[in-house]
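Beneath this line is the structure, given in structure tokens, with notes to follow.
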Amino acid sequence: MTQALEWVAYRGAPLYDEDGNVIGSIEEFFVETDDGPPAWAVVINEAEPATRSYVPMRDARRADDGQGLQVSVDGDTVRDAPRTQADDDLSGEQERQLYEHYGQDYPDGQRSEDTDNEERKPGLLQRLFGRDSR
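Note that the working numbering has the sequence shown beginning at 63, numbered continuously upward.
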């Protein structure tokens with residue numbers, strides 16, 4: 063899947079962990095660059111619908127059911143990851159925390175312990191099509 067429209071078709075579809083267990087429903091995707099594939103999926107967990115989990119999309123593929131996507135992350139790692147409330151945007155510091163939680167280097171090459179307090183600064187992630195473009 064390389065085209066943005068292919069990814070957007072999965073909004074509302076289930077996202078499965080590496081073992082085939084449902085993580086939640088895909089709400090939206092975030093990209094790191096304007097022309098790159100989605101780097102993160104924002105997932106609604108039915109057990110906690112007021113919060114959003116962010117799941118890295120590296121190695122994402124169509125799930126066996128043909129309805130959703132499957133990622134190479136285990137469900138416990140997702141459950142332990144930093145979350146946001148439904149309508150909150152990620153700060154730059156929260157983005158860094160997500161990358162670190164999932165063992166990824168932040169794209170600018172800096173780790174949060176190497177930077178000053180950036181809690182209120184915007185991050186690099188952008189919505190694939192914007193919040194209201196469904």
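We put the CB at the ideal spot given by N, CA and C, even for glycine.
Buried versus exposed call for residue i [16 or more other C-beta atoms within 10 Å across all chains shown]
i, result
"P111", "exposed"
"D79", "buried"
"G82", "exposed"
"E157", "buried"
"E90", "buried"
"S87", "buried"
"D101", "The identity of residue 101 in the sequence shown is Ala, whereas the question assumes Asp. Its Cβ being crowded by 16 or more others within 10 Å, A101 is buried."
"Q172", "Per-residue confidence for Q172 stands at a pLDDT of 43, beneath the threshold of 50, marking its modelled position as unreliable; the derived number appears in the next sentence. Under this definition Q172 is an exposed residue."
"Q129", "exposed"
"G165", "exposed"
"G154", "buried"
"A148", "exposed"
"A109", "exposed"
Supposed close pair residue i, residue j - CB separation, criterion 8 Å
i, j, result
"T139", "R114", "That pair is no contact at about 16 Å."
"V70", "P76", "Not a contact, Cβ separation roughly 16 Å."
"V133", "D121", "7 Å"
"R141", "L131", "Between L131 and R141 the Cβ distance is about 18 Å, and since that is not below 8 Å, they are no contact."
Beta bridge counterpart(s) of residue i as assigned by DSSP
i, result
"Y116", "V104"
"G98", "Bridge partners of G98: none, in fact."
"L90", "The sequence shown places Glu at residue 90, rather than the Leu named in the question. BP columns for E90 point to V104."
"V84", "Y78"
"R123", "Q132"
Residue i at chain D interface by Cβ criterion, 8 Å
i, result
"V84", "As a matter of chain content, chain D is missing from the structure shown, which is built from one protein chain."
> Mind pulling the beta strand (DSSP E) runs of 3 or more residues that sit fully within the region 125-171?
Replying inline: 145-147
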